[in-house]
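Per mature numbering (1 follows the signal peptide of the UniProt record, and there is no 0), the sequence shown runs over residues -21 to -1, 1 to 877.
Positions of the beta carbon are idealized from the N, C-alpha and C atoms, including for glycine.
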Amino acid sequence: MLAHTTPALAALLYFAPIASAAWVADSFLETLRSPRPFHAQSSPERNKTCVAESYNDPKIDDAKNILQAIHDCNSGGHVIFAERQKYTIASPMNLTGLTAMDLDIQGTLSFPSTNLTYWQNASFDLKYQNATSFFILGGHDINVYGSGTIQGNGQAWWDAFVKDKALKRPVLFAIVGLEKGSVSGISMRNSPLWHNVIVNSSDVVYSGLQLRSTSSNGNFEKNTDGWDVYRSERVTIENSTVTNGDDCVSLKPNSTSILVQNLICNGTHGISVGSLGQYVSQTDYVEDVLVRNISMFNSSEGARIKVWSDSYSEKSATLTGGGGRGLVKNVTYDGMFLDNVDYGLTITQCYGQDDEEKCFRHPYCSKSCQKAHWVEHKKDCKSPYMKSTWSPAWYVEKRTPTFIGNGPPVVSFGGAKYLWGNMPAIDVLALGQNEGPDHANDLNLLFAASGDFRNVIKTVAEVPDAYNKALTLTLNDRDLDIVARNTIMLILLLAVEDTATAVDCVLHVWYSAQIEKSHMELLNSAVRPLIEDMWHKIAEKSENILLAKTWSWGTKSVRLVLSKKAWEATLSYFSLPTALTSQRAHDLRTAITLAPQRKDHVDRHLFSQTPTQRVCFMKYRRDGILLPFGSSRQSYNVPNPTFFQTADVWPLKDSADPADGWETKDVMATPMGDLLNDAYGKLYFYVKDVLTSFRRRIQTMKISFNLYQEDAKSLTDYLSPGTFSRIEVSNICDRTYLGLAATISYFSPLLESPAVNPHATLITLFMNALEEEFMNSGDERNKDVMTKELKLICEYAGKPSKITANDPSFLQLSFSKSLVRDKEKYLEKYMDASQAALVMQMTGSRLRSPNKIVKKWPAALKLGPKQAGAKEEFNAAMASKLSGMECYLEWQRVDKTF
């Protein structure tokens, strides 16, 4: 037996009677004491039946028939996969969002292995350990059962994996986001990767399954785990048999309240906890687990706990990682029968590391590595920002901060460009709540003041797989920098064949001040020739006319409409000014982001962050490269040409931050770790995931992008009335831009009529209007209003210990008054001042209530001050750059009435 333990591994192992499991949480305790496992509540009787049709032809894809049957029987139905029918599934199926449904599998579901390259791009990325899936199943109250078989045809995958260790192999049965459900009775054969994975789910039972994957040649059935549980709770796995080439059951990160019982495992690596701590800065935990009555035959291990070391290592091409943290707690193995098993129990904290002495003693690859990196590492490790007692400079120096009193006013600083979004991205379609995921008509979307293309990317990435009609997206912005960057990145995503290459280049062109040489080469080989070709063709054209060019790749296209002058200027985004070196570009940027005169403004933001978040924030302000914290920046030494149009200007404001364009809670939920809060590392992986989802979705769509560089008012001259399903106008309805009346007047006529599409919607954002209305109303200096708001803030956060002009805690609370402000009051005032009722009457439009696409108040507090979790929500809101007064309104066309 191999066993390694150190204090860092907090695991409790019991080979003892069940009475010793008194450690289990109350909600799970009865499960462990009872002879029966936990089961979800019985499902109500299903009220309709659908039969999935099959062509019974291995060359014809049955996925569409299956999706149709599931759509028809969703919400209370019973779908039958008929006995003696063979269903060929040759395209991915998104079966999430289902409710109250039974899937009765009596036939055979087969995933052909004739086109592995197709599945590389089409399968669902599970965002963990290079795993993908043929389909994903999720929702509420879903039961899968029957005597049928799911066939993965894994041999071709195992053979290919021998030659390509980076090959992304699909899981055979993936549950993602299921609350209450079961899988029982069916057989699973020859999975390319794991047989089952369950992610972000709860209250699920697997019972009576037969899993078998065996190779017919010398290429081993590698990584064919029986079950992998990830970020899920209250899961039971029981009464099943497994023959495979890896773990019988693997409890991966953040698995809690798990029962595994009555299994027969043959040829496996045992019942495993882990591996944990594989990814730098990620915090993993597994707790409250009972494994009992297991028969283990011809296996390498019986019980196994595997944790990576706290330093990165590469044991083999498929076994790399380490540097994370974690906890294993309250795990019981009870009643295991072992026959021909190498190790009854294996516990290691050096998984993937051959040199265990090095694993324990040195967190770096060697002493020389540690010494070489120490100069940089100590700047972060010993940074004053890492101290919980850190205070802003103005407080330490006992002075009034520059943003209040007689100091400079709160104004923007740096360049005048808005090349990144400052509101979290939204899905402007939300088909599930509107037309429906299988909407039968083409869709036409307009982003009239798009800014960066984050809303476009998120919208397309979230289009349901059931939607198979054409999608046309029109993007407009008056700033050529924005239009050119959006065009360049869209072309990369559509034209570059390799998804990983395209996504990596787009991410850094989008968000990194300096890029790698390979990124620059890709810009000049994949995109620049297209622009140059157009420029040569229009050289003799008039200066004042608009000129359009369309590029196509199969069913995908990009159409760019620019003036001749703008076409010529677009060529400059692929080259750098002669005098601009990497160091010069760095200096130009940090002259803005680290400007001494902005220190108080930066410190004010830092005070609301945790110590590690402060260090990550300042690291990005220093280098401007979007990467995980510990990643090397050495190769990022080419100034990003889409930022640096001249040799003497950094074009963005000092407050510009890529994190502002995405929902914080979604970013922080990315599997990169919560303990060390590598916010920009999480953002890096999150954006990569969204871009990858975008790439996957467009592979099977007819999709077109049209890009204009026009003032929003002029744009309507080039567009046809009554043609758009959605129009998103950002915040041009704020008073400083078009205002409400002009925005509705210009854009509501472009919406499809209610007769054509009753869900056609114009989405407006008020970013500043309500704050301005508050100040214009006089309430900014109204003592009663101020007292009410401060009192409510204290109910959330507690009373400040000091009330002085320079106390950061008091100032932080004072600047947070907008979070508790009566938002509806000032919205009503703004609507009255803007004569909204008359505008709607004159334009034949109406206000949609409630919103069905985006939250009306996206940054508002959801909890009252006395509710559980209210203080944590309030603190998170204070750390945000949003005021809580941001408001989305949705508008629709109606027949005009005068």
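Under the criterion of beta carbons closer than 8 Å, I250 and R271 do not qualify as touching, at roughly 10 Å. The DSSP-derived three-state label of C329 is strand. Burial check for H418: the Cβ neighbour count within 10 Å reaches 16 or more, so the residue is buried.
Taking a cut-off of 8 Å for Cβ pairs, the region 862 to 876 and the region 821 to 829 touch, as three or more such pairs fall below it.
Take the alpha-carbon of L670 and the one of F684: they are about 16 Å apart. No residue range can be given for W369, since it is assigned to no alpha helix (DSSP H) and is classified by DSSP as neither H nor E. In the structure shown, the three-state DSSP call for G533 is coil. For I177, no alpha helix (DSSP H) segment is defined; the enclosing uninterrupted segment is the beta strand (DSSP E) at N175 to V178. In the three-state reduction of the DSSP assignment, E495 falls in the coil class, being assigned neither a helical nor a strand state. Uninterrupted alpha helix (DSSP H) stretches at least 4 residues long and entirely within the region 20 to 76 occur at 42 to 52, given in chain order.
Assigned with DSSP and collapsed to three states, R304 falls in strand. About 31 Å separates the CB atoms of V439 and R612; that is not less than 8 Å, and the two are not in contact.
N434: member of the alpha helix (DSSP H) spanning R433 to A440, first to last residue. For the region 610 to 680, the continuous alpha helix (DSSP H) assignments of 4+ residues that do not extend past its boundaries occur at 643 to 647 and 658 to 677, in sequence order. Looking at the backbone, the Cα of D811 and that of R568 are separated by about 43 Å. Counting every other CB atom within 10 Å of its CB across the protein chains shown gives H515 a total below 16, marking it as exposed. Secondary structure of Q871 (DSSP, three-state): strand.
Per DSSP, S704 is not a residue of any beta strand (DSSP E), being assigned neither H nor E.
Under the three-state reduction of DSSP, T589 is assigned to coil, being neither helix nor strand. In its chain, beyond the 5 residues on either side, V594 have a beta carbon closer than 6 Å to the beta carbon of S362.
In the DSSP assignment, A153 falls within the beta strand (DSSP E) that extends over F152 to S163.
Rounded to the nearest angstrom, the gap between the Cα atoms of A474 and V506 is 9 Å.
The beta-carbon distance between S229 and G187, rounded to whole angstroms, is 20 Å. This is too long to meet the 8 Å contact definition. Within the region 741 to 827, the complete beta strand (DSSP E) segments of 3 residues or longer fall at 824 to 827, listed in chain order. Scanning D690, R601, N736 and D696 for the CA closest to the CA of V708 turns up D690. Per DSSP, Y490 lies in no beta strand (DSSP E) segment; the continuous alpha helix (DSSP H) that holds it begins and ends at T478 to Y490. Assignment of R378 by DSSP, reduced to helix, strand and coil, places it in the coil class.
In the DSSP secondary-structure assignment, R507 is not bridged to any residue. By a beta-carbon distance limit of 8 Å, D267 contacts T235. Their separation comes to about 5 Å. Here the region 163 to 182 makes contact with the region 208 to 227; the two share three or more CB pairs at distances below 8 Å. In chain order, N747 place their CB closer than 8 Å to the CB of T715, counting only its own chain and leaving out the 5 sequence neighbours on each side. By the 16-neighbour rule on beta-carbons within 10 angstroms, N122 is buried. As DSSP reads the structure, P416 sits in no beta bridge. In the DSSP assignment, F114 falls within the unbroken beta strand (DSSP E) covering F114 to Y124. Cβ atoms of N785 and Y374 come within 8 Å of each other, at about 6 Å. Taking the Cα positions, T75 is about 27 Å away from D226.
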